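Residue numbers (full-length UniProt numbering), protein chains in the order written: chain A, 1 to 580; chain B, 1 to 362. Using N, Cα and C, we set each Cβ at its ideal position, and we do this for glycine too. Predicted model, so just to flag it, every value in this text is computed and none were measured. To start, the structure itself, in structure tokens.
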């Protein structure tokens, strides 16, 4: 077999995180010689998914690797001691074998209208992926200590099934021991029908909310209403422009999945995100607007993309690191022909960990995959998120009610703990606490066995305060669930993840040079993975820019084929002609 | 979009390249030959299964060709009534044959007509024990089709036919079907408030439900009040949705208009019977709600609100002559009509008539 150094490579990609993997996918039909390496023994990099054993290995790696710990720090695993085989406990109260779990570092949800979906379709890799619907959004509402049945009035209904339901619910409330419930979950209305059904919203508030929803549906064409307040607080905007008091603002803020407090969240940030949420509902099926890829979210997409890269001729090496890079200019003339010629820059020489020295035209990676090129990150100031991944001993069925008539099973639920809903022991002023997000993935995501559930928790706070908040949120959630006995956390990975604050509205123009690669024109750097709980579409813009630079700026895009538009390979795929 | 987002297979797609065009011309020829063949067979009165399968092929190509469906029924009738015929497998096969056609042509009248005919045949020719499961599975099919396109009135109409028949077939248990249908309509409304068909079904089954529950006057009144509060809640949520006003109008006109039935009749069409003071009470309540909506300040461009105000404003004075505080003054009504002229200029003639006191909904 030809050794790696005998080939002159077109592209060396370091790292199999989601961004690099999507680029590999984009290049998979280009005929370019791609060498794709990753220092880890697994695919996915910072977006990977782990079995329990792999998680433990990862923790050890992170502790020893200064580069990865620039992204992940304070990593630890706790697991509750398992009850004896002899004691009678249901299977769900015990951790199953390591391989039964697929805990993801990238559980981002994809909105129906995300730009990623058409790309997955046109590149044909969608066939290797399975997607599931995200169901309800919930808000945690702390209760004052009141007896169990003082709750919202039952709305009268004429439908006999609803009346029996109401009677049942009433009876259950009477029968329930006056548990000192700390709080309850309230569903976030997803749109008009939810607002209609929600008996806790009075008529006037229904109108005000609807008025806002109407506006948001077409906010781009009404700049006079909001543009002047784009950089001021969204909370202020809702109060002043739409007379929405804080209790009504909370569900709207929850829909934005903002990491910041209501005051810090700007109108310019919130409006597009709410619009995206509402416009996505129903686009892929009734009642839901977002989906998650089965088997580990972003990790699965990375795997599938790399597979496509390999099928396209790319060479893959795991467990191989880039150790040193030497950029030489073999050509003396510096005129870079941007109008169609090849780049005049010469080849770079790269030293790999396994000893190979290779030559390549382009180098793609990121700060944490390319040790030799630790350029100062021009991506923005550092931000961090404290996170945990927990395996819970119950499937938490109350979080996943039927979405609606004719909708698929829910496979994801979001629980938002708005500022002030968690009492912390520190002297935080309630309004200054950031919101906590718990994303629940039941077993049909493939991430855990039946009878259990995975909770992905995150909060935009530093480690110790962050974990206090996360722990309390998880405790409150488990306690508020309607199970006979409170479910327990069986296993938990804790960590803090950092990123840069370049947000999606600072997308680079295709003509501009790639960010943060100093004077090195053939080194393309991706920013660290976004901390957004929703897939960041701007990733695709960057991948596209890099792809265009690598395949050459033929004046006519038709020369190099369209971005991510591929034909089915022979022997694969079905005949999609719809003649009949 | 006329098809509620369900794509209609394009029958007007032009073949562009020479090869595709030749292919299409060949298909057209094949089709024409098949039509000629079938017609020949029918003239010869060749009512056999062989002809039937040719008809099957033809209908698969063009499910909207009504005449061919008639041919099919002719042949089926012949086959069904011949000695040694086995009606059940024949009917079931045909029902199955229709299924994929429903998916590609969700709005074809012919398919539903044929289905209905098949069901009627099953009632005529099969014992109750065999036809009942057919009807039950038809109802399930309706649910499936309606979940793909909840606003397909063909689906709703057919569902009505099937469930009506089912009510009769279930005899004493027929009431369960009625409740289930009312419940289904309710859930479809909750899934999408703009579903005219669902509201209509809800109205129709609502009346039946009251009979099934043998509701007395007070229960009927309570039902009416619940409905009114439900639709009011919906109107507050979205006063711009016409289907909600349609249901609201149905509720009020069938109970509170001066001409609504004074006493229950076998073909009663109203939920409850109200006395004149009751009528004006509910009308007054409605007017208060409408005014409240106006006050909230953001429905100035919603013509439905003004139209409702005029209708009920004029009505309240006429339902209960004994009422002292007369209701709504003419000046106010004129003001609302003025707004209507601005908001809905295409109906200017109508508003003018109403100003003259002519033709307001009775």
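Cβ neighbours of residue i in the same chain (closer than 7 Å, five flanking residues each side left out)
i	result
residue 339 of chain B	306
residue 38 of chain A	15, 16, 45, 318
residue 174 of chain B	167, 168
residue 567 of chain A	none
residue 349 of chain B	none
Secondary structure of residue i, DSSP reduced to three states
i	result
residue 311 of chain B	helix
residue 152 of chain B	coil
residue 411 of chain A	coil
residue 331 of chain A	With a pLDDT of only 44 at residue 331 of chain A, under the threshold of 50, the placement of this residue in the model should not be trusted, and no figure is reported.
residue 222 of chain A	coil
residue 586 of chain A	Absent from the structure is residue 586 of chain A, since the part of chain A shown begins at 1 and ends at 580.
residue 564 of chain A	coil
residue 72 of chain B	helix
residue 8 of chain A	strand
residue 549 of chain A	helix
residue 441 of chain A	strand
residue 285 of chain A	coil
residue 497 of chain A	strand
residue 98 of chain B	helix
residue 158 of chain A	coil
residue 112 of chain A	coil
residue 292 of chain A	strand
residue 357 of chain B	coil
residue 387 of chain A	strand
residue 19 of chain B	helix
residue 229 of chain A	helix
residue 231 of chain B	helix
residue 141 of chain A	strand
Cutoff 6 Å; reference residue i; Cβ partners in own chain excluding five residues on either side
i	result
residue 264 of chain A	none
residue 365 of chain A	14, 15
residue 146 of chain B	155
residue 369 of chain A	14, 15
residue 134 of chain B	122
residue 433 of chain A	419
residue 80 of chain A	490
residue 75 of chain A	59, 62, 495
residue 22 of chain A	305, 543
Cβ shell of residue i (< 8 Å), same chain only, five flanking positions each side left out
i	result
residue 87 of chain B	80, 121, 122, 125, 126
residue 318 of chain B	258
residue 283 of chain A	112, 113, 289
residue 31 of chain B	58, 61, 62
residue 320 of chain B	276, 277, 279, 280
residue 36 of chain B	none
C-beta neighbour in chain E for residue i, strict 8 Å
i	result
residue 64 of chain B	Reference to chain E is not applicable here, since the protein chains of this structure are A and B.
Along the chain, which unbroken stretches of the beta strand (DSSP E) at least 3 residues long are found entirely within the region 25–69 of chain A? 34–38
The region 194–212 of chain A touching the region 237–245 of chain A, judged by at least three CB pairs closer than 8 Å: Flag = yes, the region 194–212 of chain A and the region 237–245 of chain A touch.
May I ask you to list, following chain order, the residues of the region 231–256 of chain B that have a beta carbon less than 7 Å from some beta carbon of chain A? 233, 234, 236, 237, 238
Does the pairing of the region 281–293 of chain A with the region 254–261 of chain A give three or more beta-carbon distances under 8 Å? no
Three or more beta-carbon pairs under 8 Å between the region 232–251 of chain B and the region 298–305 of chain B, yes or no? Segments in contact, yes.
Can you list, in chain order, the residues of the region 174–197 of chain B whose Cβ is nearer than 7 Å to any Cβ on chain A? 179, 182, 183, 186, 187, 188, 190, 191, 192, 193
Of the residues that make up the region 294–311 of chain B, which ones have a beta carbon closer than 8 Å to any beta carbon in chain A? 296, 298
Would you say the region 379–388 of chain A touches the region 398–415 of chain A, given that touching needs at least three Cβ pairs under 8 Å? no
Run through the region 444–493 of chain A for me and flag every whole beta strand (DSSP E) of 3 or more residues, listed as ranges in chain order. 453–459
Taking only beta carbons into account, state which residues of the region 94–126 of chain B come closer than 7 Å to chain A, listed in chain order. none
What are the start and end residues of each continuous alpha helix (DSSP H) run of 4 or more residues lying completely inside the region 180–206 of chain A, in chain order? 192–197
How do the region 69–79 of chain B and the region 36–47 of chain B stand: do at least 3 beta-carbon pairs fall below 8 Å, yes or no? yes
Using a beta-carbon distance cut-off of less than 9 Å, what residues from the region 128–158 of chain B approach chain A? Of all residues in the region 128–158 of chain B, 143, 144, 146, 147, 148, 150 have a Cβ within less than 9 Å of some Cβ in chain A.
Residues in the region 399–417 of chain A with C-beta within 7 Å of chain B's C-beta atoms, listed in sequence order? 404, 405, 406
Which complete beta strand (DSSP E) runs does the region 130–203 of chain B hold, if anything under 3 residues is left out? none
Validate contact between the region 184–199 of chain B and the region 207–214 of chain B using beta carbons, cut 8 Å, 3 pairs: no
Got a sec: which bits of the region 192–218 of chain A sit with their beta carbon under 7 Å from any beta carbon on chain B, in order along the chain? 192, 193, 195, 196, 197, 203, 204, 206, 207, 210, 211
Under 7 Å, CB to CB, which of the residues in the region 33–67 of chain B have a partner in chain A? Those would be none; no residue qualifies.
What are the residues in the region 271–290 of chain A lying within 8 Å of chain B by C-beta distance? If the cut-off is 8 Å between Cβ atoms, the region 271–290 of chain A has 286, 287 near chain B.
If we count Cβ pairs, one from each stretch, closer than 8 Å, do we get three or more for the region 127–142 of chain A versus the region 291–302 of chain A? yes
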